[in-house]
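These notes are about the structure you will find just below.
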Amino acid sequence: YEDPPGLVEKTDFLLREWINIYNSQHQGRDSTKAFSIFVHQMNVHGILKTDDLITRFFRLSTQLCVETVYRALLDKSNANMTLIRPKCYHTLDAFVRLVSLLVKHSGDANNTTTKIHLLNKVLGIVAGCLLQDHDTRTVDFQQMPYQRIFTMLFLELNAPEPILEAINLHVLTAYCHTFHILRPSKAAGFCYAWLELISHRVFIGRMLATTPQQKCWSLYAQLLVDLFRYLAPFLRNAELAKPVTMLYKGTLRVLLVLLHDFPEFLCDYYYGFCDVIPPNCIQMRNLILSAFPRTMRLPDPFIPNLKVDMLPEISYAPRINTNISLTISPAQFKKDLDSYLKARAPVTFLSELRSNLQISNEPGVRYNISLMNALVLYVGTQAIAYIRNKGLTPSMSTIAHSAHMDIFQNLTVDLDTEGRYLFFNAMANQLRYPNSHTHYFSCTFLYLFAEANTEVIQEQITRNPTYKFWQHQFVHCAPEIEKLFESVARSCF
Amino acid sequence: PLGAVPLQKEHQQQFQLMEAAYYHMPHPSDTERIRTYLPRNPCNTPSYYIQAPLFNSDTPEFYQRLGTETLFFVFYYMEGTKAQYLAAKALKKQSWRFHTKYMMWFQRHEEPKIINEEYEQGTYIYFDYEKWGQRKKEGFTFEYKYLE
Amino acid sequence: LGQDLTALGLNLNSPENLYPSFGGPWADHPCRPQDVDFHVPPEYLIN
Chain R
82 YEDPPGLVEK TDFLLREWIN IYNSQHQGRD STKAFSIFVH QMNVHGILKT DDLITRFFRL
142 STQLCVETVY RALLDKSNAN MTLIRPKCYH TLDAFVRLVS LLVKHSGDAN NTTTKIHLLN
202 KVLGIVAGCL LQDHDTRTVD FQQMPYQRIF TMLFLELNAP EPILEAINLH VLTAYCHTFH
262 ILRPSKAAGF CYAWLELISH RVFIGRMLAT TPQQKCWSLY AQLLVDLFRY LAPFLRNAEL
322 AKPVTMLYKG TLRVLLVLLH DFPEFLCDYY YGFCDVIPPN CIQMRNLILS AFPRTMRLPD
382 PFIPNLKVDM LPEISYAPRI NTNISLTISP AQFKKDLDSY LKARAPVTFL SELRSNLQIS
442 NEPGVRYNIS LMNALVLYVG TQAIAYIRNK GLTPSMSTIA HSAHMDIFQN LTVDLDTEGR
502 YLFFNAMANQ LRYPNSHTHY FSCTFLYLFA EANTEVIQEQ ITRNPTYKFW QHQFVHCAPE
562 IEKLFESVAR SCF
Chain L
262 PLGAVPLQKE HQQQFQLMEA AYYHMPHPSD TERIRTYLPR NPCNTPSYYI QAPLFNSDTP
322 EFYQRLGTET LFFVFYYMEG TKAQYLAAKA LKKQSWRFHT KYMMWFQRHE EPKIINEEYE
382 QGTYIYFDYE KWGQRKKEGF TFEYKYLE
Chain E
1178 LGQDLTALGL NLNSPENLYP SFGGPWADHP CRPQDVDFHV PPEYLIN
């Protein structure tokens, strides 16, 4: 860094000055008055002379504040955390206040560019300091100072003021970029603070509720994908260690709030979420798949003779915010797929299908799950269009004997148990609130069951009694298995 | 059917860092503005105490059923929060008026002797937040423009 | 396996939105009114 001689001392001096001003009683709540005097002092000390010096000032200030917090937190003589923390807050909040005033007053009043430029600079600096600290201290890293800086700065920049309203979308975007940079897979030691930051009530409110035209939804979805990606390897194996259980519970809480308040958000981005959540993570996936638009009145699934075909919603396609065809690769495979769907050629397509999906021979990680998911949804949507073009609607008879069904039947028969599990999961991910995908894939599931030539396939699809499930041998293969099926069945029906 | 997948080296390192962080979980007050009197500091109480906020305890109806003294407590000790706002609303429902210059709540003690566009003069009860008690003030002139 | 979703401290039957008083991923209870910032008239800020 080679800071110019004396800059550290100068920064330290100025920062202390400001912290004293900010916390002095007679200032009361409004430190704006002192701010202009302080900026003059910064000028006198040459801090604002160049962009580089400003950058150094913020970096050094961040580090000085963080060091102060580390010293306080590690001060063994005073173990009372409820006394130590407020002291830390006074230091951190003062620094945040300075940053927010500088952002608000940089450039002239209605020039948003300089404000956003400065904000991005500061967020970048704090993130950089965090990552460096995280990599240096590793297991001794403390989340609190950084969480506090990000939270308080966000609250400051989201106060109901006209200047701030004008730059709010930029503030949210800058924050999302910063949180993406600091995602748990990059800073695992910051993961709890990170989850709390992205689920803070003011952050959720701004991202998902008040910003018009859902402009921030895709940004927020990206953050959730970051979280699921990080959790995936730990959730993949069912035994959860305490740290993972804590993060998992926290994630469920956030998902429940989203399910309750923003079900349309989960509906729109379900595909991307389910694509990165381990298939065996049934509870979390079901939370996302159970979301349905608030305007929809769901039919009671337990009505004995529910006529799904009569529901008007089953002809509407759900909104999907992922471009599925882009995720099918390599390009040659996509080309072959399209040509097979069009003309059932090349004939070798079906026999090569499994090798396109298989990436290794190691059990548990044999298949490219994303490709499997994309293939299933892509073929399914093509099938629905194909049936509609013929003026028909999906039903047990219209979905049969088509190139699409060839592919699904091939996958059912040709894949091993692991592959079939992933394939059926990819289909099960489409069974949601009444819509054309739910309808098509539920028909397809039942068709595959009826056409299945081995019981192992049937067992993996459904246990519904109307398919004489209880007469199959695998139900009676052992007394405890029989008992298990009976207790599960009793709880369902 | 997927079976377990051993964690890769990278994930083991991540787990180590996560585990260390697990022993420094964020504290509820970390994400709140500094509260002068009642910070968000949950403390463990016996399980037979009420653990969750009372039903509807964040609604105006709930606050209107609180005693006046309690409302004053909430107003002065929970400033800048929704609780202060709800307490102010409830006090107004009980005919208290907040005087922005004296920063005190006033209520008519009896029908004022003089009432005109700008003020009314009479005897008032006011709440002295420094001495923390209600007081009576004779002949007090209540200027409207200071009326919050 | 999995968590009891009804025991995570969220009132899933609430007709109101949950996020304005969401206490965070680690909290067993929602925020109390005295935890939630509110834009009150500046005269109310007496301390």
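Chains as they are written, first to last, in the working numbering: chain R, 82 to 574; chain L, 262 to 409; chain E, 1178 to 1224.
Beta carbons are placed, not taken as given, at the ideal position from N, Cα and C, and that holds for glycine.
Could you tell me which chain R residues have their CB closer than 9 Å to the CB of residue i, listed as they occur along the chain?
i       : result
E:Q1180 : T326, Y329, K330, L333, Q364
Under 7 Å between beta-carbons, which chain A residues line up against residue i? List them in chain order, please.
i      : result
L:L268 : The structure shown contains no chain A; the protein chains it does contain are R, L and E.
Taking the DSSP output, what are the residues bridged to residue i?
i      : result
R:Q433 : Strictly speaking, residue 433 of chain R in this sequence is Glu, with Gln absent from that position. The partner list for R:E433 (beta bridge, DSSP) is empty, contrary to what the question assumes.
L:D417 : Chain L is shown only over 262 to 409; residue 417 of chain L falls outside these bounds and no answer can be derived.
L:M365 : L:H360
R:Y448 : R:Q439
L:T342 : E:D1214
L:Y380 : L:E404
L:Q375 : What sits at residue 375 of chain L in the sequence shown is Ile, not Gln. The partner list for L:I375 (beta bridge, DSSP) reads L:Q382.
Anything in chain L within Cβ reach of residue i, meaning under 7 Å, just list it in chain order.
i      : result
R:C272 : M279, A282
R:Y170 : I295
R:V220 : Q277, L278, A281
Could you tell me whether the Cβ atoms of residue i and residue j are closer together than 8 Å?
i       : j      : result
R:V203  : R:V180 : yes
E:L1189 : R:L337 : yes
L:R369  : L:G383 : yes
E:D1212 : L:E293 : yes
R:T163  : L:N305 : no
L:L352  : L:F334 : no
R:H520  : R:V389 : yes
R:L173  : R:V184 : no
R:M288  : R:L300 : yes
L:Y338  : L:Y298 : yes
R:L321  : R:S371 : no
L:P289  : R:Q224 : no
R:L496  : R:P360 : no
R:P226  : R:V125 : no
R:L328  : R:Y273 : yes
R:A247  : R:T193 : yes
R:Y352  : R:L452 : no
R:S266  : L:Q275 : yes
Against residue i, what residues of chain E qualify as contacts under a CB-to-CB distance less than 9 Å, listed in chain order?
i      : result
L:A265 : None at all; the shortest Cβ gap to chain E is about 14 Å.
R:G353 : Chain E residues near R:G353: none, gap ~21 Å exceeds 9 Å.
For residue i, return the contacting residues in chain E, with the cut-off set at a CB-CB distance below 8 Å.
i      : result
L:G341 : D1214, F1215, V1217, Y1221, L1222
L:R294 : D1214
R:V338 : L1187, L1195, Y1196, F1199
R:D342 : N1194, L1195, Y1196
If the cut is a Cβ gap below 9 Å, which residues of chain L does residue i touch?
i      : result
R:M225 : H285, P287, H288, D291
Rounding to the nearest angstrom, what Cα-Cα distance links residue i and residue j in this structure?
i       : j      : result
R:F235  : R:A269 : 22 Å
R:G445  : R:N470 : 39 Å
R:T462  : R:A509 : 15 Å
R:S483  : R:R425 : 9 Å
R:R501  : R:F284 : 40 Å
R:F354  : R:L305 : 8 Å
R:L422  : R:Y514 : 27 Å
R:N191  : R:L245 : 10 Å
R:P324  : L:M279 : 7 Å
L:R296  : L:E372 : 39 Å
L:K350  : R:D84  : 55 Å
R:T332  : R:R366 : 12 Å
L:E268  : R:F309 : Checking the displayed sequence, the identity of residue 268 of chain L turns out to be Leu instead of Glu. So the two alpha carbons sit approximately 16 Å from each other.
R:I405  : R:N454 : 9 Å
R:P393  : R:C362 : 32 Å
R:H557  : R:E563 : 5 Å
E:P1210 : R:S112 : 26 Å
R:Y448  : R:P241 : 50 Å
E:A1204 : R:P560 : 44 Å
R:A507  : R:I465 : 17 Å
Just the chain E side, please: which residues come within less than 7 Å of residue i by C-beta, in chain order?
i      : result
L:Y363 : The contacting residues do not exist; L:Y363 stays about 10 Å from chain E at best.
R:P380 : Chain E residues near R:P380: none, gap ~21 Å exceeds 7 Å.
R:G286 : Y1196, P1197
Assuming residue i contacts residue j under a Cβ cut-off of 8 Å, what Cβ separation, rounded to an integer in Å, is found between them?
i      : j       : result
L:Y387 : E:V1217 : Actually they do not touch by this definition, with Cβ atoms about 20 Å apart.
R:S280 : E:G1201 : 7 Å
Got a sec: does the ligand MG put a non-hydrogen atom nearer than 7 Å to the Cβ of residue i?
i      : result
R:Q490 : In the structure on display, the ligand MG does not appear, and there are no ligands present to speak of.
Identify the contact partners of residue i in chain L, using a Cβ-Cβ distance below 8 Å as the criterion.
i      : result
R:Q228 : P287, D291, T292
Who are the neighbours of residue i on chain R, taking C-beta pairs under 7 Å?
i       : result
E:P1210 : Going along chain R, no residue has its Cβ under 7 Å from E:P1210, so there is no contact; the nearest lies around 13 Å.
What does residue i touch in chain R if you count any residue whose Cβ is under 8 Å from its own?
i      : result
L:F276 : A269, F315, A322, P324, V325
L:P303 : Within chain R, no residue comes near L:P303; the closest Cβ sits about 10 Å away, beyond 8 Å.
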